[in-house]
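One structure is given here, and the rest of the page talks about it.
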Amino acid sequence: MEGKGKVCVTCGTGFVASWLIMRLLEQGYTVRTTVRSKPTEGKQGIGYLTDLPGARERLQIFHADLDRPDSFNEAIEGCTGVFHVAHPTGFTKKEPEEMVIKRATEGTIGILQACLNSKTAKRVVYLRTSISSLKGIKGFKIGSLSSKKLLECGFKFNYGLGDIEHMEEGKGLVCVTGGTGFVASWLIMRLLEHGYTVRTTIRSSPGTSKDISYLTNLPRAAEKLQVFNADLDDPDSFNEAIGGCMGVFHLAFPLDFAEREPEEVITKRAVDGTLGVLRACVNAKTVKRVVCASSQATVIYGGDGDEKVADESSWTSIDYYRSLNRFGTSYLVAKNKTERAALDFAEQYGLDLVFLIPPLIVGPFICPRIPESIRWALSLIFGEKRLYHLLVKLNVVHTDDVAMAYIFLLESPHAKGRYICSWEEISINEMSDFLSARYPEFQTPTKDSLKDIKGFKMRSLSPKKLLDCGFKFEHGLVDIHGRRLATTILSELILEREREMEGERGRVCVTGGTGYLASWLIMKLLEQGYLVNTTVRPHPEHKRDVSFLTSLPGGSERLQIFYADLSDPTGFAAAIKGCIGVFHVATPLPLDFGKGEPEEVVIERAINGTLGILRACLNSKTVKRVVYTSSASAVVFNDSGEEMMDESYWSNVDYLKASNLSLRPYFISKTLTEKRALEFAEEHGLDLVTLIPTYILGPFICPNMPASVLASLAMVLGNREQYGSLIETSMVHIDDVARAHIFLLQNPEAKGRYICSSHMITIEEMSKFLSAKFPEYPIPTLEYLKDVKGSKSSDVSSKKLLDSGFKFRYGLDEMFEGAIQCCKEKGFL
0 MEGKGKVCVT CGTGFVASWL IMRLLEQGYT VRTTVRSKPT EGKQGIGYLT
50 DLPGARERLQ IFHADLDRPD SFNEAIEGCT GVFHVAHPTG FTKKEPEEMV
100 IKRATEGTIG ILQACLNSKT AKRVVYLRTS ISSLKGIKGF KIGSLSSKKL
150 LECGFKFNYG LGDIEHMEEG KGLVCVTGGT GFVASWLIMR LLEHGYTVRT
200 TIRSSPGTSK DISYLTNLPR AAEKLQVFNA DLDDPDSFNE AIGGCMGVFH
250 LAFPLDFAER EPEEVITKRA VDGTLGVLRA CVNAKTVKRV VCASSQATVI
300 YGGDGDEKVA DESSWTSIDY YRSLNRFGTS YLVAKNKTER AALDFAEQYG
350 LDLVFLIPPL IVGPFICPRI PESIRWALSL IFGEKRLYHL LVKLNVVHTD
400 DVAMAYIFLL ESPHAKGRYI CSWEEISINE MSDFLSARYP EFQTPTKDSL
450 KDIKGFKMRS LSPKKLLDCG FKFEHGLVDI HGRRLATTIL SELILERERE
500 MEGERGRVCV TGGTGYLASW LIMKLLEQGY LVNTTVRPHP EHKRDVSFLT
550 SLPGGSERLQ IFYADLSDPT GFAAAIKGCI GVFHVATPLP LDFGKGEPEE
600 VVIERAINGT LGILRACLNS KTVKRVVYTS SASAVVFNDS GEEMMDESYW
650 SNVDYLKASN LSLRPYFISK TLTEKRALEF AEEHGLDLVT LIPTYILGPF
700 ICPNMPASVL ASLAMVLGNR EQYGSLIETS MVHIDDVARA HIFLLQNPEA
750 KGRYICSSHM ITIEEMSKFL SAKFPEYPIP TLEYLKDVKG SKSSDVSSKK
800 LLDSGFKFRY GLDEMFEGAI QCCKEKGFL
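Counting along the sequence shown from 1, when you hit position 350 you're at 349 in numbering that gives the first Met the number 0, and nothing is skipped either side.
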């Protein structure tokens, strides 16, 4: 299966050619490309091609050179189209001009001859060289160029000058050293989210297999993350990972706070390893910038007796720190000497090197072990008195702010030198106040018991340089009721990690866990620290693949799967037992109607199944609230004539029965089930809240394309029979719906029904939007759509949900981009 066909791109390593290859792979082509050096000899240098999404299956690389036109024959044979991009560049005095021109001409003629001989090439697209290289010639005036002919063919330009420096897609190949660490693993997650292809290095464990599933299970990691073995003891081992990268984040560093090795050994390993990494960056010829991790240890100990504010011009006095007789001297010395040596190396070799200097980093983490900085920050909770002196005065910053600062410094064209990344200070007394008030279940030391704790004078840290560049911190200390509380930095996300086994956050149940919404909701619940039970319909031969759930971050430790079916409501009791909250998402889908059973039977199954689940919630004695997933179809189908409806409106079942709507049985089922559920809850005193989403769109982790995504992308997929359902469409992003479920579980004031919809779009507006945003797809024109018939739907209001404090985060761009990207990655597009 070759999708759109096989094409050849000559000179694949070039600027335009490599981007063209990426685009061709995205659109489903099988691509052959030629390079001047043999792939086996230059493997590191073509990594940015072989690591492209789809390259492993659909990219072949051939050795060919314009000096030998016949060498292109093999690559072109069997191709339906050829993009001839190869051309001699860099005319110099080393060869006579005539020789270079002869090579270009004869090489191109030879390629065209190969296209003729192939009998399969239907068209050749030849890239003509620009005249931009003549701009600097004195007295030579360049005329403007007209693209009128191209535009009249129907082509549309997508980008302006503002987009040239900041492309959102295909951000390039980067390397993160020390990928299993606290910050490095979080940075990898963020880079993958931002569209980067990531290589990372880990230290090999002799005789053992290091578990890195928390990295390889990250979203998009399967396609965009490669893991290499490398060690600072062997600096050359980083060469392969760095070859072909455009940016490198150097975070690997020897940690030995117990000082098991002599200071000189640790320092030599750190310095030599870092210089080896930088040397690999220079040799790679592709690395445009290195962002290196430093530490507050290089700036905060001035030795001048003043607690002044440190900026990027400050350096720690190693002699002063030695006089303090504190532990961790080897770490501090190694950090200082490594940073100075790296800056000297960069200046000597013209390497673009930037240093990020964070203080104590606190926040959520995906690595399996609790990071040392978290242990220090939470030592009052863990009762580690030996660390209390470190808390007398703390400079702190959130994990995510640090990761985003790394990416910011890579992308900022004017970044240079050192950058302090510290947002707030907190004293040990303020921390004691906060923890005692926020987490009374822990025996936090009182301020009185802490009054004799002695610390060391250190400078405060100023992030002014970073802020002046345009960076914004998202997490920090806030003032609430006159007290400075670390509500985000010292947040529940941190504490939950140590309390997970006790289920402090609580155990919840999600029914129908393999579905589109339910699987995304499970992912969000795991991210927030919940223990999750979920139910799936039993497979006759127990062959249902649920690996997309069990491989979620936290899934192996905090997700349990139970078999249950709405046709036997008693089967849900085991999954609900012990839960504090239940999200009832399971429902007969539109496909379940029309399988030979009368629609009344399927509707009755949905109602009885839901009532059985609610009875199990009552019987459990632990369930505090149930959030039931309804549908806008339980609201909008009536003869009220209203253009905008709220939670007081209900679909009219008689009106639906008299209609010819293809999904009529599903709409009736959702309406009657929600009504019966609310009646049951009122009758039995059960705290039940219903969420009413409209069309749900966005990315998905389930293996099959969700029905709402299929319908919403009808114009992209060419499903003309579904155009009628898009006349007027209310939509909401999948992540907003999942967050709304959790919001309603946690909000003590939530009551009754809540509509969840963020956008309304007509079929004409959708056509314009998709044509402009995704020109690679043949979106039907407005002229074509004018004859499409369908029923107009009333809009719905989310005012009640918004008035409760909920905020939508996503717009139409994110809905369609997320859905289309997932469809590409899963092979549906």
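Glycine is no exception: its CB is placed at the ideal position from the N, C-alpha and C atoms.
Three-state secondary structure assigned by DSSP to residue 27: Residue numbering aside, residue 27 sits at position 28 when the sequence shown is read from its first letter. If DSSP states are grouped into helix, strand and coil, residue 27 belongs with coil.
Does DSSP put residue 751 in a helix, in a strand, or in coil? Locating residue 751 in the sequence shown gives position 752, where the first residue counts as 1. In the three-state scheme derived from DSSP, where H, G and I count as helix and E and B as strand, residue 751 is classed as strand.
State the DSSP-derived secondary structure class of residue 251, mapped to helix, strand or coil. Numbered from 1 along the sequence shown, position 252 holds the residue referred to as residue 251. When DSSP states are grouped into helix, strand and coil, residue 251 belongs to the coil group.
To the nearest angstrom, report how far apart residue 368 and residue 182 are at their CA atoms. Residue mapping note: residue 368 aligns to position 369 of the sequence shown, counting from 1. Residue mapping note: residue 182 aligns to position 183 of the sequence shown, counting from 1. So the two alpha carbons sit approximately 12 Å from each other.
Tell me, to the nearest whole angstrom, how far the beta carbon of residue 670 is from that of residue 649; I am working on the premise that it is less than 8 Å. As a first step, residue 670 is located in the sequence shown; it is residue number 671 there, counting from the start. As a first step, residue 649 is located in the sequence shown; it is residue number 650 there, counting from the start. Rounded, the Cβ-Cβ distance is 7 Å, consistent with contact.
Answer yes or no: do residue 548 and residue 570 have a C-beta to C-beta separation smaller than 8 Å? The sequence position of residue 548 within the sequence shown is 549, counting from 1. The sequence position of residue 570 within the sequence shown is 571, counting from 1. No, Cβ-Cβ distance for residue 548 and residue 570 is not below 8 Å.
Which term fits residue 412, buried or exposed, when burial requires 16 or more other beta carbons within 10 angstroms of its beta carbon? Residue 412 sits at position 413 when you count from the first residue of the sequence shown. In summary, residue 412 is exposed, with fewer than 16 beta-carbon neighbours lying within 10 Å of its beta-carbon over all protein chains present.
Which residue from 459, 453 and 773 puts its Cα closest to that of residue 296? Walking along the sequence shown from the start, residue 296 turns up at place 297. Residue 459 is the option with its Cα nearest to residue 296.
Could you give the uninterrupted runs of the alpha helix (DSSP H) lying entirely in the region 305 to 383, keeping only those of 4 residues or more? Restricted to the region 305 to 383, the alpha helix (DSSP H) segments that are unbroken, complete and at least 4 residues in length are 317 to 322, 328 to 348, 371 to 376 and 378 to 381, listed in chain order.
Thinking just about the alpha-carbon of each residue, which of 358, 374 and 634 is nearest to the one in residue 394? Residue numbering aside, residue 394 sits at position 395 when the sequence shown is read from its first letter. The residue among 358, 374 and 634 with its C-alpha nearest the C-alpha of residue 394 is 358.
If you compare alpha carbons, which of 400, 779, 422 and 464 is closest to residue 415? Residue numbering aside, residue 415 sits at position 416 when the sequence shown is read from its first letter. From the listed residues 400, 779, 422 and 464, the smallest Cα separation to residue 415 is found for 464.
Runs of 4 residues minimum, wholly inside the region 654 to 732: which ones carry the alpha helix (DSSP H) assignment? Taking only runs of at least 4 residues, the alpha helix (DSSP H) segments lying wholly in the region 654 to 732 are 663 to 683, 706 to 711 and 713 to 716.
Using the Cα positions of residue 716 and residue 99, report the straight-line distance between them to the nearest angstrom. Residue mapping note: residue 716 aligns to position 717 of the sequence shown, counting from 1. Residue mapping note: residue 99 aligns to position 100 of the sequence shown, counting from 1. Spanning the two alpha carbons is a distance of roughly 47 Å.
Where residue 62 sits in the DSSP three-state scheme: Counted from its first residue, the sequence shown places residue 62 at position 63. Reduced to three states, the DSSP call for residue 62 is strand.
I'd like to confirm the pairing. Which residues does DSSP put opposite residue 425 in its beta bridges? Position 426 of the sequence shown, counting from 1, holds the residue named residue 425. Per the DSSP secondary-structure output, residue 425 pairs in a beta bridge with 393.
Would you say residue 229 and residue 277 are within 8 Å of each other, going by their C-beta atoms? For this step, residue 229 is matched to residue 230 along the sequence shown. For this step, residue 277 is matched to residue 278 along the sequence shown. Result no, Cβ atoms of residue 229 and residue 277 do not sit closer than 8 Å.
Near residue 30, which residues of its chain fall below 7 Å by C-beta distance, leaving aside the five closest residues on each side in sequence? In the sequence shown, residue 30 corresponds to position 31, counting from 1. Counting only Cβ-Cβ distances below 7 Å, and skipping sequence neighbours, we find 6, 8, 20, 23, 24, 57 and 58.
Grouping DSSP H, G and I as helix and E and B as strand, with all else coil, what is residue 812? The residue you call residue 812 lines up with position 813 of the sequence shown. Residue 812 falls in the helix class under three-state DSSP.
So does the region 622 to 640 actually touch the region 696 to 704, counting three or more Cβ pairs closer than 8 Å? The region 622 to 640, when compared against the region 696 to 704, does not touch it at the 8 Å Cβ threshold.
With a threshold of 8 Å, are at least 3 pairs of Cβ atoms found where one atom belongs to the region 187 to 203 and the other to the region 217 to 231? They touch, by the three-pair rule.
N- and C-terminal bounds of the beta strand (DSSP E) containing residue 122: In the sequence shown, counting from the first residue as 1, residue 122 sits at position 123. The continuous beta strand (DSSP E) containing residue 122 extends over residues 122 to 125.
Measuring CA to CA, which of 396, 115 and 731 is closest to residue 811? Numbered from 1 along the sequence shown, position 812 holds the residue referred to as residue 811. With distances taken between Cα atoms, residue 811 lies closest to 731.
Note down, in chain order, each residue of its chain lying with its Cβ closer than 6 Å to the Cβ of residue 427, except the 5 sequence neighbours on either side. For the purposes of this step, residue 427 is identified with residue 428 of the sequence shown, where counting begins at 1. Beyond the five residues adjoining it in sequence on each side, residue 427 comes within less than 6 Å, by CB distance, of 390, 391 and 449 in the same chain, given in chain order.
Output the distance between the C-alpha atoms of residue 802 and residue 813, rounded to the nearest integer angstrom. Locating residue 802 in the sequence shown gives position 803, counting from the first residue. Locating residue 813 in the sequence shown gives position 814, counting from the first residue. When rounded, the distance between both Cα atoms is 24 Å.
Contact set for residue 287: own chain, Cβ-Cβ below 7 Å, skip 5 residues either direction: To locate residue 287, count along the sequence shown from 1; it is residue 288. Within the same chain, residue 287 has close Cβ partners 245, 246 and 351.
When you compare each of 658, 13, 521 and 565 to residue 552 by their alpha carbons, which one comes out closest? Within the sequence shown, residue 552 is the residue found at index 553, counting from 1. Residue 552 has its Cα closest to that of 521, out of 658, 13, 521 and 565.
What are the residues that DSSP puts in a beta bridge with residue 558? Position 559 of the sequence shown, counted from the first residue, corresponds to residue 558. Paired residue(s): 531.
State the start and end residues of the unbroken beta strand (DSSP E) segment that holds residue 238. Within the sequence shown, residue 238 is the residue found at index 239, counting from 1. No beta strand (DSSP E) contains residue 238, which is instead part of the alpha helix (DSSP H) from 238 to 241.
Evaluate residue 163 with the Cβ neighbour count: other Cβ atoms within 10 Å of its Cβ, from every protein chain shown; 16 or more gives buried, anything less gives exposed. For the purposes of this step, residue 163 is taken as the residue at position 164 of the sequence shown. For residue 163, the predicted model reports a pLDDT of 43, less than 50, meaning its position is unreliable; a value from the coordinates is still stated below. Residue 163 is exposed by the Cβ-count criterion.
Starting from the C-beta of residue 17, find all residues in its chain whose C-beta is less than 8 Å away, skip the five residues before and the five after it, and write them out in chain order. Counted from its first residue, the sequence shown places residue 17 at position 18. Taking C-beta separations shorter than 8 Å and ignoring five residues to either side along the sequence, the partners of residue 17 in its chain run 11, 47 and 48, following chain order.
On a CA-only basis, which of 652, 443, 745 and 144 is nearest residue 581? Give me that one, please. In the sequence shown, counting from the first residue as 1, residue 581 sits at position 582. Shortest Cα-Cα distance from residue 581 to any of 652, 443, 745 and 144 involves 745.
If I measure Cβ to Cβ from residue 179 and keep anything under 6 Å in the same chain, skipping five residues before and after, which residues do I get? Here residue 179 refers to the residue found at position 180 when the sequence shown is read from its first residue. 201.
Buried or exposed by the 16-neighbour rule on C-beta atoms within 10 Å, applied to residue 108: Mapped onto the sequence shown, residue 108 falls at position 109. Residue 108 counts as exposed, since fewer than 16 other beta carbons sit within 10 angstroms of its beta carbon.
Under 8 Å by Cβ, that's how I've got residue 252 and residue 279 pegged, so tell me the actual separation to the nearest angstrom. Within the sequence shown, residue 252 is the residue found at index 253, counting from 1. Within the sequence shown, residue 279 is the residue found at index 280, counting from 1. No, residue 252 and residue 279 are not in contact; Cβ-Cβ is about 16 Å, not under 8 Å.
Which residues in the same chain have their Cβ closer than 7 Å to the Cβ of residue 89, if we skip the five residues on either side of it in sequence? Within the sequence shown, the letter at position 90 stands for residue 89. Because the pLDDT at residue 89 is just 48, under 50, the model does not fix this residue reliably, and the value given afterwards should be weighed accordingly. Spatial neighbours of residue 89 in its own chain (CB-CB distance under 7 Å, excluding positions within 5 residues in sequence) are not present.
On the premise that residue 461 lies in contact with residue 309, defined as a C-beta separation below 8 Å, what is that separation, rounded to the nearest angstrom? As a working note, residue 309 is residue 310 in the sequence shown. As a working note, residue 461 is residue 462 in the sequence shown. At roughly 7 Å, the Cβ-Cβ gap stays under 8 Å, so residue 309 and residue 461 are in contact.
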